[in-house]
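In the working numbering, the protein residues as written are 155 to 381. C-beta: ideal position from N, C-alpha, C; glycine also. Written out below as structure tokens is the structure these notes cover.
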């Protein structure tokens, strides 16, 4: 019991939160992971939009100042502001969390009982070579669709431009976080630990993807205006 989150933070409110989270992970794993994923993806999208667009949304809305707005206008404005975040939250809850749950459960079963350093390295390699590419490909495709690119050309274009850089980033982060978890993080805390790490990485990837799309759109506009 020395590795339990309750003992690590004994007397701390954080211990109660982690203990409750661990109990729900045990009793309702997919539901708990889905709700966690939805919440973090919503926050991730709002942060990424704020950083990548740097006030573009506010600037667009400011042009409408002076007009009377009713309840329907307020709701419409709120939906426009949060539409992508809601869609990404739905992706997290309905697709990302269940896929991650079953893939990592399968990985755990393959390496169950194998605790030597050699097997730990093999587990990291297996995760980086199988699960990680699938996660990144699905995430980039979904991000493209949410951002308005619904054609095959748009999706494949995003994958072609971003897949390898994203793989490089996530491979490094995934390896480091797995090494840290295996050496220092109690097993009870692995789920929230990896969830927070993944949310941070996804936010960075989201920002880079949006900035790349804006740069591409700017280049297209400049080429169209060029004589």
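- Judged by DSSP secondary structure, residue 172 falls within the alpha helix (DSSP H) whose first and last residues are 167 to 181.
- Here residue 301 has 238, 363, 364 and 367 as same chain residues with Cβ atoms under 8 Å from its own Cβ, once five neighbours each way along the sequence are excluded.
- In this structure, residue 246 lies away from residue 175, with their beta-carbon atoms at least 9 Å apart.
- Residue 343 is positioned such that its CB atom lies no closer than 9 Å to that of residue 320.
- For residue 373, the enclosing alpha helix (DSSP H) begins and ends at 344 to 379.
- Following the DSSP letters along the chain, one finds residue 274 inside the alpha helix (DSSP H) bounded by residues 271 to 280.
- Straight through space, the alpha carbons of residue 328 and residue 289 are spaced by roughly 12 Å.
- Separation of the CB atoms of residue 190 and residue 312 is rounded to 26 Å, and the pair is thereby denied contact status at 8 Å.
- The C-alpha of residue 377 lies about 20 Å from the C-alpha of residue 303.
- Residue environment for residue 167: exposed (fewer than 16 other C-beta atoms within 10 angstroms of its C-beta).
- Counting of Cβ neighbours within 10 angstroms places residue 316 among the buried residues, the total reaching 16 or more.
- Under the three-state reduction of DSSP, residue 317 is assigned to helix.
- Buried is the label assigned to residue 298, since at least 16 other Cβ atoms lie within 10 Å of its Cβ.
- Looking from the CA of residue 331, the closest CA among 255, 275, 188 and 251 belongs to 275.
- Going by DSSP, residue 252 is part of the alpha helix (DSSP H) stretching over 251 to 264.
- Out of 314, 324 and 188, the CA that lies nearest to the CA of residue 243 is found in 188.
- In the structure shown, the three-state DSSP call for residue 200 is helix.
- It is roughly 41 Å from the alpha-carbon of residue 326 to the alpha-carbon of residue 379.
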